[in-house]
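If you count by our numbering, then the sequence shown holds residues 315 to 968, one letter each, in order. C-beta: ideal position from N, C-alpha, C; glycine also. Quick caveat: nothing in here was measured; it's all calculated off a predicted structure. See below for the structure under consideration.
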Amino acid sequence: MKTLLEDEFNQLRTGRFSALVGAHTEYHYLPEAAPQGNWNVASFASGIGAGTAWHVRETEGGKDLIQTFNNKRTDTHPMVIAGLSEWQDYTLLASFTPEAVSGRTGVVFRYRNSRCYYFFGLTETEAQIIKVNHGSGYREVTEAILASAPCKFEVGTTYTASVTVNGKCIEADIAGVALRAEDETFSQGKIGLQSDPQAKYHRVTLTAPEEEKNRVNILRSMTERELDDLREQNPKPVLWKKISTENFGVGRNLRFGDLTGNGEPDILVTQPLHHGPSDSYSECSCLTAVNFDGDILWQIGEPDRWKDHLTNDVGVQIHDIDGDGKNEVIYCKDFEIVIVDGATGTVKHKAPTPQSLPPANKFSRILGDCLFFCDLSGNGHPMDIIIKDRYWHFWVLNNKLEIQWHHESRTGHYPYAIDIDGDGHDELALGHALFDHDGTMLWNIEDKMQDHIDGVAIANFNAPDDGDLRILYAASDTGLFFADLDGNVLKHHWIGHGQNPAIAKLRDDLPGLQVVSINFWGNQGILHFYDSDGNIYHDCEPVPFGSMCLPINWRGDGLEFFLHNPNITYGGMFDGWGRPVVAFPNDGHPDMCNAVLDITGDCRDEVVVWDPHELWVYTQDDGPKEGKLYNPVRNPQYNSSNYQASVSLPGWSS
């Protein structure tokens, strides 16, 4: 037998192993949330303590990896994982000490992702082998006990769990109880440690026959060669610009647009002010306009170097609100919505924000959770403004900042608008509802879906061919679903906490457009891929992070990738199979945040990466290119949001 992994946790730093993560890890790469040693946190949930479950502590004999959180959920469990997805037939030994009796404590094997794996260990009264297969089409938690037997154990006593998998055969024993089962659902995968109550893990050993180790090594070599070949086919990212944002920088809360009227994009850096609790009451505190040469154009408010990240949107956009061909900046600050000249920051108009309503009435007026522009009034230009509180109410304003109508609704995070019926007026998809331009609610399906909407878009998924418009919803714990324009749910995938979807041409061997979404709370990092009919064709879990899935037109040939994060190890541009086909150089660049847009003007996208201290821009090493290039139609920059459903429809340069 050959050793594949042996760990007594001595190489891990003493202290908290789980990062103090929250919603900011949905949109930022944070190194504290990255794998440490052989292990990474496979699942965490929202709530006090849930994100900091695992700790490393010194013992007389070395170190223990300890689960400290008392988990009460049944749809997700505190878990760390290690190893390779190619591991197939092996023997896992793990010694641990249960510190309480509740839920389950033991080991995970043939782990595919945090919703699909086998578990073996102790429950309150039994030893059990469990198949966890939440999959992508189940509303309720789907778990099957493959084998069980009564097992008495004592809190504070150390036990060794042993699992051997060989083909479909599973053999396991603990505390003198031996179990056997057969199952073919998961043929290979990583290993893990999982416990609902507090438990101490002391040692983990994984062994396999020599032929199994050789087989895995061959597979890994083939995969690495294939990835190297794919990367050779794509342009390499090269540094184009570098800008300091010291003192006025922030996390993922930048806006891009032409502020000066010279035809080139500029940057608006917005620092937030949180009034609490959590992210329910936030507004702009400092706005800094800067060009891509690093020159500060103007600044409103006092910069604060500690405003290092944002977990939600605040009301700020760059947009030509009056249709005169010049951009303004529209933002919410001090309970006012303000319009300033994009070039100078001079105030052109302002008005009080709408009066707040229960339950979001901590203040007399709303702070402005986001801003969205559309053409409800039929002017031929998106002059109407959607402003809302965090979850409960939204208002429609005209470009004079006068309220046109208001609605109470479970708003979700960010809307989408399009003229569906061809009458020259946009319809508005917000939350689970569709509204006509005059405020008439056409339908609302929130009674069918328990959680709020994280992202919504309306598109022809058969593009560029003819096809009906359909609505895509990323619905948090309700998963992801597709509906028609009458509100009928066509496809519903219970994938866990789905968010940040993107629609783009990701596969050249499939018709129409594809969709990618990513999971977060409870099972972060799982990617699901959907074809133009709304069916899942692939899923994978390349890294344990949430992120935006931003379509990127990197080659200009009609096929797009999506940007995960800019880290050199765990990030890159991914293709429609979830493979990191473009890697970022190891040059010390910031990797906290990223954005995608065409800056140099050849239709292909550049990548902007930044942290609170500096901003770097990458372009292609073979550019700029000339001739006919892919030029997709995207969400307008004036409707940018951490919660947007990214849409990239086919188009070509002339």
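Worksheet item: Looking at Thr390 and Gly836, is the spacing between their C-beta atoms short of 8 Å?
Response: A contact, by the Cβ cut-off of 8 Å.
Worksheet item: Can you list, in chain order, the stretches of the beta strand (DSSP E) that have 3 or more residues and sit fully within the stretch 360-385?
Response: Every unbroken stretch of the beta strand (DSSP E) spanning 3 or more residues and falling wholly within the stretch 360-385 is given here in chain order: 368-372, 377-381.
Worksheet item: Is Pro858 closer than 8 Å to Gly839 when the C-beta atoms are compared?
Response: Contact: yes.
Worksheet item: Residues bridged to Arg679 by DSSP?
Response: Answer is Gln669.
Fill in: Identity of the residue in Glu468, Gln764, Gly490, Thr499 nearest Cys483 by Cα
Checking every option, the nearest Cα to that of Cys483 belongs to Thr499.
Item to complete: Work out the CA separation of Leu568 and Leu786 for me, nearest whole Å.
Response: Distance between the alpha carbons of Leu786 and Leu568 is about 25 Å.
Fill in: Leu436 - DSSP class collapsed to helix/strand/coil
It is a strand residue.
Worksheet item: Asn480 lies in the beta strand (DSSP E); which residues open and close that run?
Response: Element bounds for Asn480: 473-480.
Item to complete: Using DSSP bridges, identify the partner residues of Leu406.
Response: Per DSSP, Val477, Leu520.
Worksheet item: By DSSP, does Asn528 sit in helix, in strand, or in coil?
Response: Under the three-state reduction of DSSP, Asn528 is assigned to helix.
Item to complete: Measure the CB-CB distance between His448 and Arg429 and report whether it falls below 8 Å.
Response: Taking 8 Å as the Cβ cut-off, His448 and Arg429 qualify as a contacting pair.
Practice prompt. Evaluate Gln547 with the Cβ neighbour count: other Cβ atoms within 10 Å of its Cβ, from every protein chain shown; 16 or more gives buried, anything less gives exposed.
Written response: Exposed, by the Cβ-count rule.
Worksheet entry | Nearest-angstrom Cα separation, counted from Trp620 out to Ser599 | Straight-line Cα distance between these residues: approximately 12 Å.
Discussion item. Using 8 Å as the cut-off, can you tell me whether the stretch 927-935 makes contact with the stretch 584-591, which would need three or more C-beta pairs spanning the two stretches below that distance?
Written reply: No, they do not touch.
Worksheet item: Going straight from the alpha carbon of Ile772 to that of Ile817, what length do you get?
Response: One alpha carbon belongs to Ile772, the other to Ile817, and they sit about 10 Å apart.
Discussion item. Taking the alpha carbon of Trp709 as the reference point, which residue from Glu597, Gly753, Leu544 has its own alpha carbon closest?
Written reply: Out of Glu597, Gly753, Leu544, the CA that lies nearest to the CA of Trp709 is found in Gly753.
Discussion item. Assuming Pro815 and Ser831 are in contact, meaning their beta carbons sit under 8 Å apart, how far apart are those beta carbons, in whole angstroms?
Written reply: Indeed they touch by this definition, with Cβ atoms about 4 Å apart.
Practice prompt. Could you work out which residue in Leu326, Gly336, Arg545 is closest to Arg869 when comparing CA atoms only?
Written response: For the set Leu326, Gly336, Arg545, the Cα lying nearest the Cα of Arg869 is the one of Arg545.
Worksheet item: Along the chain, where does the beta strand (DSSP E) that runs through Glu320 open and close?
Response: It spans 316-321 - the beta strand (DSSP E) in which Glu320 sits, taken as one unbroken run.
Discussion item. Can you check which of these residues, His588, Ala657, Gly639, is closest to Gln613 by C-alpha distance?
Written reply: Proximity to Gln613 across His588, Ala657, Gly639 peaks at Ala657, based on C-alpha coordinates.
Discussion item. For a cutoff of 8 Å on Cβ pairs, would you count Pro349 as touching chain D?
Written reply: No chain D appears in this structure, which consists of one protein chain only.
Practice prompt. Please report the residue range of the beta strand (DSSP E) in which Cys907 lies.
Written response: Unbroken beta strand (DSSP E) run through Cys907: 907-911.
Fill in: Nearest-angstrom Cα separation, counted from Ile459 out to Asp698
Between Asp698 and Ile459, the C-alpha separation is close to 55 Å.
Worksheet item: Is Ala337 near Asp593, with beta carbons less than 8 Å apart?
Response: Going by C-beta atoms, Ala337 is nearer than 8 Å to Asp593.
Discussion item. For Glu920 and Tyr851, what's the separation of their Cα atoms in angstroms?
Written reply: Roughly 29 Å between the two C-alpha positions.
Worksheet item: Going by C-alpha distance, which of Val922, Gly726, Ile732, Gln669 is nearest Ser691?
Response: Among Val922, Gly726, Ile732, Gln669, the Cα nearest to that of Ser691 is on Ile732.
Worksheet item: Mapping DSSP to helix, strand and coil, what is Ser535?
Response: Shown here, Ser535 sits in a helix according to DSSP, grouped into three states.
Worksheet item: Does the Cβ of Gln325 have 16 or more other Cβ atoms within 10 Å, making it buried, or fewer, making it exposed?
Response: With a 10 Å radius around the Cβ and a threshold of 16 neighbouring Cβ atoms, Gln325 comes out exposed.
Discussion item. Here's a check: name, in chain order, each residue in its chain whose Cβ is nearer than 6 Å to the Cβ of Gly745, leaving out the five neighbours to either side.
Written reply: The answer, listed in chain order, is Ser723, Arg724, Thr725, Gly726, Ile767.
Item to complete: Using the DSSP secondary-structure output, state which residues sit across from Val947 in a beta bridge.
Response: DSSP, once it has assigned bridges, lists Leu963 as partnering Val947.
Discussion item. Quick check on Glu526: buried or exposed, where buried means 16 or more other Cβ atoms within 10 Å of its Cβ?
Written reply: So Glu526 counts as buried.
Worksheet item: Taking one C-beta from the stretch 638-645 and one from the stretch 561-576 each time, how about it: are there three or more such pairs within less than 8 Å?
Response: They touch, by the three-pair rule.
Worksheet item: So the beta strand (DSSP E) Asp698 belongs to, where does it begin and stop?
Response: Per DSSP, the unbroken beta strand (DSSP E) holding Asp698 starts and ends at 698-702.
Item to complete: Can you check the stretch 765-828 for any beta strand (DSSP E) of at least 3 residues that lies completely inside it and give the ranges in chain order?
Response: Counting only runs of 3 or more, we get 769-774, 783-788, 794-797, 803-807, 812-818.
Worksheet item: How is the beta strand (DSSP E) around Pro464 delimited, first residue to last?
Response: For Pro464, the enclosing beta strand (DSSP E) starts and ends at 457-464.
Worksheet item: Candidates His807, Ser960, Asp916, Tyr952: which alpha carbon is nearest Ser861's?
Response: With distances taken between Cα atoms, Ser861 lies closest to Ser960.
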